[in-house]
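Asker: Before anything else, here's the structure in question.
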Amino acid sequence: LDVVRGVEPRIADAIGAEIEDQRSSLKLIASENYASPAVLAAMGNWFSDKYAEGTIGRRFYAGCRNVDTVEAIAAEHARELFGAQHAYVQPHSGIDANLVAFWAVLAQRVELPALAEAGVRQVNDLTEEDWERLRKALGEQRMLGMSLDAGGHLTHGFRPNISGKMFHQRSYGTDPETGLLDYEAVRATAREFRPLILIAGYSAYPRRVNFRIMREIADEVGATLMVDMAHFAGLVAGKVLTGDFDPVPHAQIVTTTTHKSLRGPRGGMVLCDDSLADQVDRGCPMVLGGPLPHVMAAKAVALAEARQPEFRDYAQRVVDNARALAEGLTTRGARLVTGGTDNHLVLLDVSGYGLTGRQAESALLDAGIVTNRNAVPRDPNGAWYTSGIRLGTPALTTRGLTTDGMDEVAELIDSVLSRTTPGTAKSGKPSKATYVLADGVAKEVAGRAADL
Ligand code: PLP
12 LDVVRGVEPR IADAIGAEIE DQRSSLKLIA SENYASPAVL AAMGNWFSDK
62 YAEGTIGRRF YAGCRNVDTV EAIAAEHARE LFGAQHAYVQ PHSGIDANLV
112 AFWAVLAQRV ELPALAEAGV RQVNDLTEED WERLRKALGE QRMLGMSLDA
162 GGHLTHGFRP NISGKMFHQR SYGTDPETGL LDYEAVRATA REFRPLILIA
212 GYSAYPRRVN FRIMREIADE VGATLMVDMA HFAGLVAGKV LTGDFDPVPH
262 AQIVTTTTHK SLRGPRGGMV LCDDSLADQV DRGCPMVLGG PLPHVMAAKA
312 VALAEARQPE FRDYAQRVVD NARALAEGLT TRGARLVTGG TDNHLVLLDV
362 SGYGLTGRQA ESALLDAGIV TNRNAVPRDP NGAWYTSGIR LGTPALTTRG
412 LTTDGMDEVA ELIDSVLSRT TPGTAKSGKP SKATYVLADG VAKEVAGRAA
462 DL
């Protein structure tokens, strides 16, 4: 840090403050973790300076032999860890991984047949009319994914994201009674909508998804099954999600982030079967800029870590801890979406405390508990204020918390929320953002949180 301080002390201070914040607060954001020192060290070096557009052995730049080594090792670990035919480790983020996957499927299902029909090998060789027809066909494709309020992700065809501008989208939700995914409803929508891509995966669904059934549905309607396992990749790597709940044997293409439950550097990855490998490898320059070799080095280290027996133990503890947190909250009277969890996250409906998600998130932060507000199914407060709080255990499990510790975390959360009341806006009207936390609670809970 002193090296940074010598150049820009404010950045050194911010890094120091961030380390202190992450040490002293309880990190319950379901998509965050603590990468190991080996991962961090692999990321902070001169690989960052290297340009390496293209793929292993086929670069647009000279001098890439060390990048080739790094990328090949990362891909090998990814293939072997997940049992995938092909792995592409260049995506800079989960969004990028999804974009690469979408374009790979579009190329396989729409572009290549169009090139074959026109009797040419490259898009550049199409006549103006052929190209116009292809562009129109690319713009007419459909995607079916989980609705946002059921826990789906913006990149699954929703309008604010580019995926929503690329595809006509329809979504499937969850059963209003149980909050669980209703596979027969997904099947009925798929039969009617006939998507090119059926996408499964989520950011805020606290249960497992049966990917065998999802593939069955995709096959029935001629869709490609894509699974975005960004959130639960660590549970797949750690063999907690196996059989029907492991997406890799069932989906033609799987994307992930590397920084959430997988505990690697910030980045993305695509796994696919051989039929999509060539198209996926065109990610750079198709939609990605130059790869980040330093991040690929860190991905290789994280994937090597995830292949160790200790990682299986870690993944199991993540799930055990989430269950303990869910039980700790329900025994204290809290309402959870679906009534519990069988993965790494818990979705707490805070309307029972008379609060919005925004108020609950802020009050918890004051007390040293870092969470994020999240819509619950059919949320009356919408996506900004919300009625929920999403809680995840990957980070606290890395810090060594056990199920007993999680019960204490549940107690701290309940003690903050039950002593928080909605505030009023400056105008005196009720507000969905302001809140009043009873005197002394923030200090008392933050002290206990720091000791955990
Ligand atoms: N997919 C899912 C399911 C996610 O939850 C997220 C991140 O929250 C992403 C994709 C996007 O990942 P990134 O932030 O790395 O682009």
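In our numbering, each residue's number is its place in the sequence shown (first place is 1) plus 11.
Positions of the beta carbon are idealized from the N, C-alpha and C atoms, including for glycine.
1. Decide if the stretch 311-325 is in contact with the stretch 240-249; the criterion is three or more beta carbon pairs, one per stretch, under 8 angstroms apart.
2. Any heavy atom of the ligand PLP closer than 8 angstroms to the Cβ of Asp160?
3. Below 8 angstroms, is the gap between the Cβ of Lys271 and the nearest heavy atom of the ligand PLP?
4. Report yes if the CB atom of Leu37 is closer than 9 angstroms to the CB atom of Leu359, and no otherwise.
5. Just confirm the distance between the C-beta atoms of Asn221 and Asp255, as a whole number of angstroms; I'd bet it's less than 8 angstroms.
6. Could you check whether Val387 and Gly379 sit closer than 9 angstroms to each other, using their CB atoms as the reference points?
7. Whole-angstrom Cβ separation of Thr269 and Val281, contact assumed at under 8 angstroms?
8. Scan the stretch 55-142 and note each continuous alpha helix (DSSP H) run of 4 residues or more that stays entirely inside, going in chain order.
9. Can you tell me whether Gly278 sits near the ligand PLP, meaning its C-beta is under 8 angstroms from at least one heavy atom of the ligand?
10. Out of Val456, Leu376, Leu463, Ala394, point me to the one whose CA is closest to Thr413's CA.
11. Just verifying my parser: in three-state terms, what is the DSSP assignment at Val265?
12. Return yes when the Cβ of Gln263 is within less than 9 angstroms of the Cβ of Ser286, no when it is not.
13. Please list the terminal residues of the continuous alpha helix (DSSP H) segment that includes His179.
14. Distance, Cα to Cα, Asp13 vs Glu43?
15. What residue does the beta strand (DSSP E) around Leu359 start on, and which one ends it?
16. Counting only the same chain and skipping the five closest in sequence on each side, list residues whose C-beta sits under 8 angstroms from that of Val50.
17. Going by DSSP, what residues sit across from Pro239 in a beta bridge?
18. With a threshold of 8 angstroms, are at least 3 pairs of Cβ atoms found where one atom belongs to the stretch 330-340 and the other to the stretch 401-421?
19. Just to check, is the beta-carbon of Ile208 closer than 8 angstroms to a non-hydrogen atom of the ligand PLP?
20. Does the beta-carbon distance from Leu155 to Phe169 come in below 9 angstroms?
21. Restricting to Cα atoms, I'd like to know which of Thr80, Glu64, Trp142 is closest to Ala73.
22. Report yes if the C-beta distance between Ala46 and Ile67 is below 9 angstroms; otherwise report no.
23. Flag Gly94 as yes when its Cβ comes closer than 8 angstroms to any non-hydrogen atom of the ligand PLP, and as no otherwise.
24. Go ahead and pull the three-state DSSP assignment for Tyr364.
25. Can you determine whether any heavy atom of the ligand PLP sits closer than 8 angstroms to the C-beta of His242, and answer yes or no?
26. Roughly how many whole angstroms lie between the Cα atoms of Ala453 and Lys443?
27. Alpha carbon to alpha carbon, how far is Glu203 from His167?
28. Look at the Cβ atom of Val420, then the Cβ atom of Leu299, and state whether they are nearer than 9 angstroms.
29. Express the C-alpha separation of Ala41 and Tyr183 in angstroms, rounding to a whole number.
30. When you measure from the CB of Ile173 to every non-hydrogen atom of the ligand PLP, does any distance come out below 8 angstroms?
31. Sort out for me which residues DSSP pairs Met464 with in a bridge.
32. Please determine, among Asn354, Asn385, Met157, Asp377, the residue with the shortest C-alpha to C-alpha distance to Ser362.
33. Please state whether the Cβ-Cβ distance between Met237 and Ala211 is less than 9 angstroms.
34. For Phe58, count neighbouring C-beta atoms within 10 Å of its own C-beta (all shown protein chains included) and say buried if the count is 16 or more, exposed if not.
35. Considering only residues of the same chain and omitting the five flanking positions on each side of Thr409, which have a CB-CB separation below 8 angstroms?
36. Candidates Val121, Tyr446, Glu140: which alpha carbon is nearest Thr367's?
Answerer: Based on what the coordinates show:
1. yes
2. The residue given as residue 160 occupies position 149 in the sequence shown. Checking every heavy atom of the ligand PLP against the Cβ of Asp160, none is found closer than 8 angstroms.
3. Indexing the sequence shown from 1 puts residue 271 at position 260. Yes, the beta carbon of Lys271 sits closer than 8 angstroms to at least one heavy atom of the ligand PLP.
4. As a first step, residue 37 must be located in the sequence shown, where it is residue number 26. As a first step, residue 359 must be located in the sequence shown, where it is residue number 348. No; because the gap between Cβ atoms is not below 9 angstroms, this pair is not in contact.
5. As a position in the sequence shown, residue 221 is number 210, starting the count at 1. As a position in the sequence shown, residue 255 is number 244, starting the count at 1. About 5 angstroms separates the two Cβ atoms, so the contact holds.
6. Looking up residue 379 in the sequence shown gives position 368. Looking up residue 387 in the sequence shown gives position 376. Against a cut-off of 9 angstroms, the Cβ pair of Val387 and Gly379 comes out as no contact.
7. Residue 269 sits at position 258 when you count from the first residue of the sequence shown. Residue 281 sits at position 270 when you count from the first residue of the sequence shown. Wrong, their Cβ atoms sit about 11 angstroms apart, outside the cutoff.
8. 76-93, 105-117, 123-129
9. Position 267 of the sequence shown, counted from the start, is the residue given in the question as residue 278. It does: the Cβ of Gly278 is within 8 angstroms (strictly closer) of some heavy atom of the ligand PLP.
10. Reading the sequence shown from its first residue, position 402 is the one you call residue 413. Nearest C-alpha to Thr413: Leu463.
11. Here residue 265 corresponds to residue number 254 of the sequence shown, with the count starting at 1. Here Val265 sits in strand by DSSP.
12. Numbered from 1 along the sequence shown, position 275 holds the residue referred to as residue 286. Numbered from 1 along the sequence shown, position 252 holds the residue referred to as residue 263. Cβ atoms of Ser286 and Gln263: closer than 9 angstroms.
13. Taking the sequence shown and counting its residues from 1, one reaches residue 179 at position 168. It is not in any alpha helix (DSSP H) - His179 instead sits in the beta strand (DSSP E) that spans 179-183.
14. Locating residue 13 in the sequence shown gives position 2, where the first residue counts as 1. Locating residue 43 in the sequence shown gives position 32, where the first residue counts as 1. Using only the alpha carbons, I get a separation of about 27 angstroms.
15. For the purposes of this step, residue 359 is taken as the residue at position 348 of the sequence shown. Per DSSP, Leu359 belongs to the beta strand (DSSP E) from 356-360.
16. Counting from one through the sequence shown, the residue named residue 50 turns up at place 39. Arg274, Gly275, Pro276, Ala309, Val312, Ala313, Glu316, listed in sequence order.
17. Working through the sequence shown from its first residue, we reach residue 239 at position 228. Per the sequence shown, residue 239 should be read as Asp rather than Pro. Beta-bridge pairing links Asp239 to Gly212, Thr266.
18. yes
19. Translated into the one-based positions of the sequence shown, residue 208 becomes position 197. Answer for Ile208: no, Cβ out of range of the ligand PLP.
20. To locate residue 155, count along the sequence shown from 1; it is residue 144. To locate residue 169, count along the sequence shown from 1; it is residue 158. For Leu155 and Phe169, no; Cβs fall outside 9 angstroms.
21. What you label residue 73 is simply residue 62 of the sequence shown in a count that begins at 1. The candidate whose alpha carbon is nearest that of Ala73 is Glu64.
22. The sequence position of residue 46 within the sequence shown is 35, counting from 1. The sequence position of residue 67 within the sequence shown is 56, counting from 1. Cβ distance not < 9 angstroms, so Ala46 and Ile67 don't count as in contact.
23. Here the question's residue 94 lines up with position 83 in the sequence shown. No, the Cβ of Gly94 stays beyond 8 angstroms of every heavy atom of the ligand PLP.
24. For the purposes of this step, residue 364 is taken as the residue at position 353 of the sequence shown. Correct three-state label for Tyr364: helix.
25. Translated into the one-based positions of the sequence shown, residue 242 becomes position 231. For the ligand PLP, at least one heavy atom lies less than 8 angstroms from the Cβ of His242.
26. Mapped onto the sequence shown, residue 453 falls at position 442. Mapped onto the sequence shown, residue 443 falls at position 432. The straight-line gap from Cα to Cα measures roughly 20 angstroms.
27. Against the sequence shown, residue 203 aligns to sequence position 192. Against the sequence shown, residue 167 aligns to sequence position 156. Using only the alpha carbons, I get a separation of about 19 angstroms.
28. Numbered from its first residue, the sequence shown carries residue 420 at position 409. Numbered from its first residue, the sequence shown carries residue 299 at position 288. No.
29. On the sequence shown, position 172 is the one that residue 183 refers to. On the sequence shown, position 30 is the one that residue 41 refers to. About 23 angstroms.
30. One-based indexing of the sequence shown puts residue 173 at position 162. No, the ligand PLP has no heavy atom inside 8 angstroms of this Cβ.
31. Examination of residue 464 is not possible in this model, given that the chain is present from 12 through 463 alone.
32. For the purposes of this step, residue 362 is taken as the residue at position 351 of the sequence shown. Looking at the Cα atoms, Asn385 is the closest of the given residues.
33. Within the sequence shown, numbered from 1, the residue matching residue 237 stands at position 226. Within the sequence shown, numbered from 1, the residue matching residue 211 stands at position 200. Yes, these two residues count as a Cβ contact at 9 angstroms.
34. Here residue 58 refers to the residue found at position 47 when the sequence shown is read from its first residue. Classification for Phe58: buried.
35. Reading the sequence shown from its first residue, position 398 is the one you call residue 409. Excluding sequence neighbours, Thr409 sits near Asn44, Tyr45, Arg274, Tyr325.
36. Reading the sequence shown from its first residue, position 356 is the one you call residue 367. The shortest C-alpha separation from Thr367 is found at Tyr446.
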